[in-house]
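Residue numbers (the working numbering): 2 to 371.
Written out below as structure tokens is the structure these notes cover.
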Ligand SMILES: Cc1cc2nc3c(=O)[nH]c(=O)nc-3n(C[C@H](O)[C@H](O)[C@H](O)COP(=O)(O)OP(=O)(O)OC[C@H]3O[C@@H](n4cnc5c(N)ncnc54)[C@H](O)[C@@H]3O)c2cc1C
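Rendered as structure tokens:
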């Protein structure tokens, strides 16, 4: 037996890192296991990096609750962890009368979710804030923000490490067995034993769950491609610019996101793929991104595109379903906690997910603060 822990967290993405950090406040032995070379090598390294406010998720859902709670936690948390962030605000723009009605709906959903400060503004008002954007009207969300997702993940994991969490990279979980006193894990670095398991393996969470016989989950990988504009374009927009979301489950449409480094991100696309390890970019989707960006910002300088990349969403919603399914965060077996389908707004929600998981664990074992 290589190592024993009270709680073993599988997956050092933004969610596993936040959970390990939250747990590190208590007198328990925690191990965080990651199959890749370093933390933040999964979905958490390539996404929009947006701190969402909660416009898109059905009131009462975990996505709505955890997104709103998580977003509110970020300013303090990012400051504590010394991670840069900016509440640059966001405009969802309407270019037809029908889209203006959609903005009203988004505003209502947001307000029902407890989002503060939402305002519908005219095209003229928008022009004052965003001189390069044309629209009939826009929904303004002043508290939406941006953060480099990898920096936040690394900082959470480092803080957990400083607080005594053991982090093992290059350690892939291969099999899990239930034993009398908890769970026995076979990994590429030997056998581990833990009383409690938290499965936050992102795109592979369904496979981890299946290892223990819970094969009821299936994740549908959905690739999102991006283009990056050079920093000399930074003055083109001052806030995030989103279209009214298309009527596709969990997809927000190609948008423009300023980065803290001064670039502008264009994307993401949404394409269901078979292979989870396929972070490619394609000619077809690059064209779609350029068309989408031109609709938001007609004078976008295409010769300033300097990079293309993609990330893969871990969707629990099958491609044929219209409405996006909620996050699954539950104790599926005694002391075995599954986190499945943690797609967007998973980054924003991560700190609140961590608090929720700790509260669930607290029902089973004594958590004494250090
Ligand atoms: C295109 C795109 C855009 C997005 N935009 C946003 C956004 O703007 N705002 C927002 O809030 N959210 C956004 N998201 C969602 C957000 O990125 C995810 O919800 C979040 O990163 C999920 O984190 P995670 O820790 O669950 O997964 P991951 O980061 O994938 O972490 C899971 C980890 O588990 C490891 N692992 C898997 N299997 C094993 C194993 N067998 N043994 C050991 N380790 C294993 C993986 O290597 C990985 O590092 C976006 C996602 C995508 C794809």
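Backbone N, C-alpha and C define an ideal beta-carbon position, used for all residues, glycine too.
It should be emphasised that the depicted structure is a prediction, and the values quoted were computed from it without experimental measurement.
Could you check where the beta strand (DSSP E) with residue 360 kicks off and where it finishes?
-> Here residue 360 refers to the residue found at position 359 of the chain shown. Where residue 360 is concerned, there is no enclosing beta strand (DSSP E), although the alpha helix (DSSP H) it sits in stretches over 347-363.
How about residue 200: is its Cβ closer than 7 Å to a heavy atom in ligand 2?
-> Annotation note on ligand 2: not contained in the displayed structure, which lists ligand 1 as its ligands.
Is residue 203 closer than 8 Å to residue 43 when the C-beta atoms are compared?
-> Counting from one through the chain shown, the residue named residue 43 turns up at place 42. Counting from one through the chain shown, the residue named residue 203 turns up at place 202. In contact: residue 43 and residue 203 (Cβ atoms closer than 8 Å).
Could you tell me how far apart the beta carbons of residue 108 and residue 140 are, in whole angstroms, since I believe they sit closer than 8 Å?
-> What you label residue 108 is simply residue 107 of the chain shown in a count that begins at 1. What you label residue 140 is simply residue 139 of the chain shown in a count that begins at 1. Confirmed, Cβ separation roughly 6 Å.
Sequence-distant residues of its chain with Cβ nearer than 7 Å to residue 326 (five each side left out) | Translated into positions along the chain shown, residue 326 becomes position 325. Annotation for residue 326: 317, 318, 342 place their beta carbon closer than 7 Å to its own, counting only its chain and skipping 5 residues before and after.
Looking at the structure shown, is residue 339 part of a helix, part of a strand, or coil, going by DSSP?
-> Residue numbering aside, residue 339 sits at position 338 when the chain shown is read from its first letter. When secondary structure is reduced to three states using DSSP, residue 339 falls in the strand class.
Is it the case that the Cβ atoms of residue 68 and residue 240 are separated by a distance below 8 Å?
-> Within the chain shown, the letter at position 67 stands for residue 68. Within the chain shown, the letter at position 239 stands for residue 240. Against a cut-off of 8 Å, the Cβ pair of residue 240 and residue 68 comes out as no contact.
So, are the CB atoms of residue 133 and residue 65 less than 8 Å apart?
-> To locate residue 133, count along the chain shown from 1; it is residue 132. To locate residue 65, count along the chain shown from 1; it is residue 64. Their beta carbons are not under 8 Å apart, which means residue 133 does not touch residue 65 by this criterion.
Please determine if the region 290-298 and the region 326-339 are in contact, where contact requires at least 3 C-beta pairs separated by less than 8 Å.
-> Between the region 290-298 and the region 326-339, the count of Cβ pairs shorter than 8 Å is below three; the stretches do not touch.
4-residue-minimum alpha helix (DSSP H) runs that sit fully inside the region 180-215, ordered along the chain = List check, alpha helix (DSSP H) in window: 206-212.
Whose C-alpha, out of 367, 369, 137, 345, is nearest the C-alpha of residue 63?
-> One-based indexing of the chain shown puts residue 63 at position 62. Residue 63 has its Cα closest to that of 345, out of 367, 369, 137, 345.
Is the region 243-260 touching the region 196-214, taking contact as three or more C-beta pairs under 8 Å?
-> Output reads no: the region 196-214 does not touch the region 243-260.
Given residue 92 as reference, the closest of 358, 51, 284 once Cα atoms are compared = Along the chain shown, read from residue 1 onward, the residue named residue 92 stands at position 91. The option with the nearest alpha carbon to residue 92 is 51.
Of the choices 77, 110, 301, 8, whose alpha-carbon is the least far from that of residue 237?
-> The sequence position of residue 237 within the chain shown is 236, counting from 1. When each option's Cα is compared against that of residue 237, the closest is 301.
Residue nearest to residue 182 in terms of C-alpha spacing, selected from 195, 199, 222 = The residue you call residue 182 lines up with position 181 of the chain shown. Considering only alpha carbons, the answer is 195.
Tell me, which residues are paired with residue 255 by DSSP?
-> On the chain shown, residue 255 is found 254 positions in, with the first residue counted as 1. Note: residue 255 sits in no beta bridge, so no partner.
Helix, strand or coil: which one does DSSP assign to residue 332?
-> Here residue 332 refers to the residue found at position 331 of the chain shown. In the structure shown, residue 332 sits in a strand (DSSP, three-state: E or B).
Just tell me which of 86, 25, 119, 46 has its CA closest to the CA of residue 56.
-> Taking the chain shown and counting its residues from 1, one reaches residue 56 at position 55. Among 86, 25, 119, 46, the Cα nearest to that of residue 56 belongs to 119.
Indicate whether the contact test is met: 3 or more Cβ pairs, each with one atom in the region 255-272 and one in the region 217-231, closer than 8 Å.
-> Yes: the two stretches touch, three or more of their Cβ pairs being nearer than 8 Å.
Distance between beta carbons of residue 19 and residue 352, contact taken as under 8 Å | By one-based count along the chain shown, residue 352 stands at place 351. By one-based count along the chain shown, residue 19 stands at place 18. Right, their Cβ atoms sit about 5 Å apart.
With distances taken Cα to Cα, identify the nearest neighbour of residue 101 among 86, 79, 124, 80.
-> As a first step, residue 101 must be located in the chain shown, where it is residue number 100. Residue 124 is the option with its Cα nearest to residue 101.
Going by beta carbon distance, what residues of the same chain come within less than 7 Å of residue 247, once the five residues before and after it are set aside?
-> The sequence position of residue 247 within the chain shown is 246, counting from 1. For residue 247, where only same-chain residues beyond five positions count, the Cβ hits under 7 Å are 254.
Is residue 197 closer than 8 Å to residue 7 when the C-beta atoms are compared?
-> As a working mapping, residue 7 is identified with position 6 in the chain shown. As a working mapping, residue 197 is identified with position 196 in the chain shown. Yes. Within cutoff.
DSSP beta-bridge partners of residue 4 | Working through the chain shown from its first residue, we reach residue 4 at position 3. DSSP lists 193 as partners of residue 4.
Can you tell me which of 184, 199, 98 puts its alpha carbon nearest to the alpha carbon of residue 13?
-> Start at 1 with the first residue of the chain shown, and residue 13 comes out as number 12. Distances from the alpha-carbon of residue 13 to those of 184, 199, 98 put 199 closest.
Own chain, CB closer than 7 Å to residue 155, minus 5 neighbours either side, in chain order = Counting from 1 along the chain shown, the entry for residue 155 is found at position 154. Excluding the 5 residues flanking it on each side, residue 155 has same chain C-beta neighbours closer than 7 Å at 40, 41, in chain order.
So what does DSSP say about residue 135, is it helix, strand or coil?
-> Numbered from its first residue, the chain shown carries residue 135 at position 134. In the structure shown, the three-state DSSP call for residue 135 is coil.
With burial defined as no fewer than 16 other Cβ atoms inside 10 Å of the residue's Cβ, what is the status of residue 286: buried or exposed?
-> As a position in the chain shown, residue 286 is number 285, starting the count at 1. By the Cβ-count criterion, residue 286 is buried, with 16 or more other Cβ atoms from all chains shown falling within 10 Å of its own Cβ.
Given residue 49, which residues of its chain have a CB within under 7 Å of its CB, disregarding the five upstream and five downstream residues?
-> Indexing the chain shown from 1 puts residue 49 at position 48. 258, 266, 269.
Candidates 170, 212, 158, 162: closest to residue 177 by CA position | Residue 177 sits at position 176 when you count from the first residue of the chain shown. The shortest C-alpha separation from residue 177 is found at 212.
Ordered along the chain, which non-local residues of its own chain (more than five positions away) have a Cβ less than 7 Å from that of residue 16?
-> On the chain shown, residue 16 is found 15 positions in, with the first residue counted as 1. Hits under 7 Å: 201, 340, 343, 347, 351, 354.
Ends of the beta strand (DSSP E) at residue 223?
-> What you label residue 223 is simply residue 222 of the chain shown in a count that begins at 1. 221-230 is the span of the beta strand (DSSP E), which, as asked, contains residue 223.
From 222, 234, 135, residue whose alpha carbon lies closest to that of residue 303 | Against the chain shown, residue 303 aligns to sequence position 302. Taking only the C-alpha atoms, the option nearest residue 303 is 234.
Residue 147 vs residue 261 beta-carbon contact at 8 Å | Position 146 of the chain shown, counted from the first residue, corresponds to residue 147. Position 260 of the chain shown, counted from the first residue, corresponds to residue 261. Yes, the Cβ-Cβ distance between residue 147 and residue 261 is below 8 Å.
Distance cut-off 7 Å: residue 49 Cβ against heavy atoms of ligand 1 | Stepping through the chain shown from its first residue, residue 49 is reached at position 48. The beta carbon of residue 49 sits closer than 7 Å to at least one heavy atom of ligand 1.
I think residue 231 touches residue 276, with their Cβ atoms under 8 Å apart; what is that distance to the nearest whole Å?
-> By 1-based counting over the chain shown, the position of residue 231 is 230. By 1-based counting over the chain shown, the position of residue 276 is 275. The Cβ separation is near 31 Å, so there is no contact.
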